[in-house]
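>
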Amino acid sequence: MTLRTAIACVLLALLTSGVSAATPALQLDAAGARRAAALAEQLRCLVCQNQSIAESNAELAVDLRREINEQIRAGRSDTDIRDFMVARYGDFVLYRPPVKSHTLLLWFGPALLAIAALLAFMRALRNRRRRVSERPLTDAEHAEAARLLGGPASTPQ
Amino acid sequence: MNEVRGAAGDVSADASPAAPTEPKSALRFALPLGIFVVLAGFLFVGLGLNPREVPSPFIGKPAPAFQLTQLARPEQSFSPQQMQGEVWLFNVWASWCVACRIEHPLLVDLAKKNVIPIVGLNYKDKRDAALGWLGQFGDPYQLSVVDTDGRVGIDYGVYGVPETFVIDKTGVIRFKQIGPITEAAWRDKILPLVRQLQKS
Numbered sequence: 157m158t159l160r161t162a163i164a165c166v167l168l169a170l171l172t173s174g175v176s177a178a179t180p181a182l183q184l185d186a187a188g189a190r191r192a193a194a195l196a197e198q199l200r201c202l203v204c205q206n207q208s209i210a211e212s213n214a215e216l217a218v219d220l221r222r223e224i225n226e227q228i229r230a231g232r233s234d235t236d237i238r239d240f241m242v243a244r245y246g247d248f249v250l251y252r253p254p255v256k257s258h259t260l261l262l263w264f265g266p267a268l269l270a271i272a273a274l275l276a277f278m279r280a281l282r283n284r285r286r287r288v289s290e291r292p293l294t295d296a297e298h299a300e301a302a303r304l305l306g307g308p309a310s311t312p313q
Numbered sequence: 023m024n025e026v027r028g029a030a031g032d033v034s035a036d037a038s039p040a041a042p043t044e045p046k047s048a049l050r051f052a053l054p055l056g057i058f059v060v061l062a063g064f065l066f067v068g069l070g071l072n073p074r075e076v077p078s079p080f081i082g083k084p085a086p087a088f089q090l091t092q093l094a095r096p097e098q099s100f101s102p103q104q105m106q107g108e109v110w111l112f113n114v115w116a117s118w119c120v121a122c123r124i125e126h127p128l129l130v131d132l133a134k135k136n137v138i139p140i141v142g143l144n145y146k147d148k149r150d151a152a153l154g155w156l157g158q159f160g161d162p163y164q165l166s167v168v169d170t171d172g173r174v175g176i177d178y179g180v181y182g183v184p185e186t187f188v189i190d191k192t193g194v195i196r197f198k199q200i201g202p203i204t205e206a207a208w209r210d211k212i213l214p215l216v217r218q219l220q221k222s
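Residue numbers (the working numbering), protein chains in the order written: chain R, 157 to 313; chain D, 23 to 222.
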């Protein structure tokens with residue numbers, strides 16, 4: 157029993173020491189870890205392009221996660237870290253592209269389209285109202301309608 | 023309601039409200055067709071674009087400084103300032119990189135003809151493997167530097183090995199090739215640029 161306990165203790169010690177040795181530089185406090193995770197989710201992995209740095213297992217993504225962790229430990233702000241990435245990989249690295257002259261259409265195109273569609277819809281409604289006039293039927297039209305409907309001929313009020 | 027009136031055969035009442043819609047019927051077909059043609063045009067152009075060619079933010083900027091040990095002579099280091107006054111290629115390669123083998127004969131040929139000095143960045147590689155690779159395929163590099171943990175690669179925005187930077191006499195990056203240098207890219211884009219930079 158004591159031997160077994162001793163072996164268990166040694167194994168446990170080996171296990172935990174292995175864990176701490178594997179990630180010496182990457183330890184952040186809880187707030188730092190949250191910031192690192194949030195940043196990694198906003199940044200695109202350029203190797204796999206449709207995954208964020210947080211999701212990707214590409215080597216570059218691993219390196220960039222390490223870079224983010226190190227910079228947070230060094231006390232740099234989220235903006236600093238984003239600027240660091242943009243300076244190296246361009247705006248493409250950001251999942252949320254910045255508002256610039258050449259991204260105006262990207263940002264405001266959908267709103268413009270929605271406004272255009274709304275205007276077209278209102279115009280169509282107005283045209284329709286013009287076609288469907290409010291003029292009352294004449295006596296002859298009433299008689300024709302009654303004949304078509306097969307009922308007894310009624311007179312307009 | 024329209025139908026009822028139409029059936030009544032009231033020609034005068036029918037003609038006047040219908041009149042403004044008549045000239046629009048051409049637009050009714052032309053507009054969706056126009057939108058379709060424009061959309062199809064954009065999509066067709068998009069088919070030919072390569073999403074891996076991300077515009078580099080480095081063009082026109084000074085090459086990031088670094089100090090790394092050399093591959094063949096680990097006791098010596100290299101930094102880009104040493105190339106001041108020369109137009110040179112900075113080529114990112116690795117022994118594990120399959121696409122590097124595609125462009126390698128071209129680089130070897132350039133080195134043989136002394137067209138332009140080429141410095142290699144041996145990216146996230148093992149020294150033995152890298153030296154073995156150069157022994158097998160030929161060494162076109164004036165020298166290679168070792169970037170084991172990929173930090174200089176990050177500073178240069180490397181994401182798809184091989185990548186090649188054209189750096190001018192003042193140390194400014196003028197062009198970046200992502201992926202292997204093809205014969206066409208060398209002939210049509212890089213060589214003319216290099217010639218022009220070498221003259222200035």
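Note that beta-carbon positions come from the ideal geometry of N, C-alpha and C, so glycine has one too.
1) In the DSSP output, what is Y163 (chain D) paired with across the bridge?
2) Any idea if S78 (chain D) is buried or exposed, counting beta-carbon neighbours within 10 angstroms, 16 or more meaning buried?
3) Terminal residues of the continuous alpha helix (DSSP H) containing E223 (chain R)?
4) Short of 9 Å Cβ to Cβ, which residues in the stretch 67-78 of chain D face chain R?
5) Y181 (chain D) CB to nearest chain R CB: under 9 Å?
6) Look at the alpha carbon of I159 (chain D) and the alpha carbon of R74 (chain D), and state the distance between them as a whole number of angstroms.
7) Would you call Y251 (chain R) buried or exposed, if buried means 16 or more other Cβ atoms sit within 10 Å of its Cβ?
8) Look up S208 (chain R) in the DSSP assignment and give the residues it is bridged to.
9) According to DSSP, is K211 (chain D) helix, strand or coil?
10) Expressed to the nearest angstrom, what Euclidean distance is found between the alpha-carbon atoms of L293 (chain R) and L260 (chain R)?
11) Which residue from D:L213, D:F64, D:A52, D:L49 puts its Cα closest to that of P139 (chain D)?
12) Tell me which residues share the same chain as A207 (chain D) and place their Cβ nearer than 7 Å to its Cβ, disregarding the 5 neighbours each side in the sequence.
13) How about D147 (chain D): is its C-beta nearer than 9 Å to some C-beta of chain R?
14) So which of D:N113, D:V109, D:G82 has the shortest CA-CA distance to A243 (chain R)?
15) Which residues bound the alpha helix (DSSP H) around L132 (chain D)?
16) Given that G172 (chain D) touches chain R, what residues does it touch there, using C-beta distances under 7 Å?
17) How many Å lie between V174 (chain D) and V180 (chain D) at the Cα?
18) Just the chain D side, please: which residues come within less than 7 Å of A243 (chain R) by C-beta, in chain order?
19) Rounded to whole angstroms, how far is the Cβ of N225 (chain R) from the Cβ of L274 (chain R), which I believe are closer than 8 Å?
Looking at the coordinates:
1) The sequence position of residue 163 (chain D) within the second sequence is 141, counting from 1. Partner(s): none; Y163 (chain D) has no beta bridge.
2) For this step, residue 78 (chain D) is matched to residue 56 along the second sequence. So S78 (chain D) ends up on the buried side.
3) In the first sequence, counting from the first residue as 1, residue 223 (chain R) sits at position 67. Where E223 (chain R) is concerned, the enclosing alpha helix (DSSP H) stretches over 215-229.
4) Residues of the stretch 67-78 of chain D with a C-beta atom less than 9 Å from some C-beta of chain R are P73, R74, V76, P77, S78, listed in chain order.
5) Taking the second sequence and counting its residues from 1, the one referred to as residue 181 (chain D) is at position 159. Output row for Y181 (chain D): interface = yes.
6) Counted from its first residue, the second sequence places residue 159 (chain D) at position 137. Counted from its first residue, the second sequence places residue 74 (chain D) at position 52. Position check: residue 159 (chain D) holds Phe in this sequence, whereas Ile was assumed. F159 (chain D) and R74 (chain D): Cα-Cα distance of roughly 27 Å.
7) To locate residue 251 (chain R), count along the first sequence from 1; it is residue 95. Y251 (chain R) comes out exposed.
8) The residue you call residue 208 (chain R) lines up with position 52 of the first sequence. Looking at the DSSP assignment, S208 (chain R) forms a beta bridge with R:R200.
9) Within the second sequence, numbered from 1, the residue matching residue 211 (chain D) stands at position 189. Three-state result, K211 (chain D): helix.
10) For the purposes of this step, residue 293 (chain R) is identified with residue 137 of the first sequence, where counting begins at 1. For the purposes of this step, residue 260 (chain R) is identified with residue 104 of the first sequence, where counting begins at 1. The straight-line gap from Cα to Cα measures roughly 54 Å.
11) Start at 1 with the first residue of the second sequence, and residue 139 (chain D) comes out as number 117. Taking only the C-alpha atoms, the option nearest P139 (chain D) is D:L213.
12) In the second sequence, the residue the question calls residue 207 (chain D) occupies position 185. The residues are Q199.
13) Here residue 147 (chain D) refers to the residue found at position 125 when the second sequence is read from its first residue. With its beta carbon at least 9 Å from every one in chain R, D147 (chain D) lies outside the interface.
14) Here residue 243 (chain R) refers to the residue found at position 87 when the first sequence is read from its first residue. Comparing Cα-Cα distances from A243 (chain R) to each of D:N113, D:V109, D:G82, the minimum goes to D:G82.
15) Taking the first residue of the second sequence as 1, we reach residue 132 (chain D) at position 110. It spans 122-134 - the alpha helix (DSSP H) in which L132 (chain D) sits, taken as one unbroken run.
16) The count along the second sequence starts at 1 and reaches residue 172 (chain D) at position 150. Simply D219.
17) In the second sequence, counting from the first residue as 1, residue 174 (chain D) sits at position 152. In the second sequence, counting from the first residue as 1, residue 180 (chain D) sits at position 158. Taking the straight line from one Cα to the other gives about 9 Å.
18) To locate residue 243 (chain R), count along the first sequence from 1; it is residue 87. Near A243 (chain R) (Cβ distances below 7 Å), the residues of chain D are P79.
19) Counting from 1 along the first sequence, the entry for residue 225 (chain R) is found at position 69. Counting from 1 along the first sequence, the entry for residue 274 (chain R) is found at position 118. Rounded, the Cβ-Cβ distance is 48 Å, inconsistent with contact.
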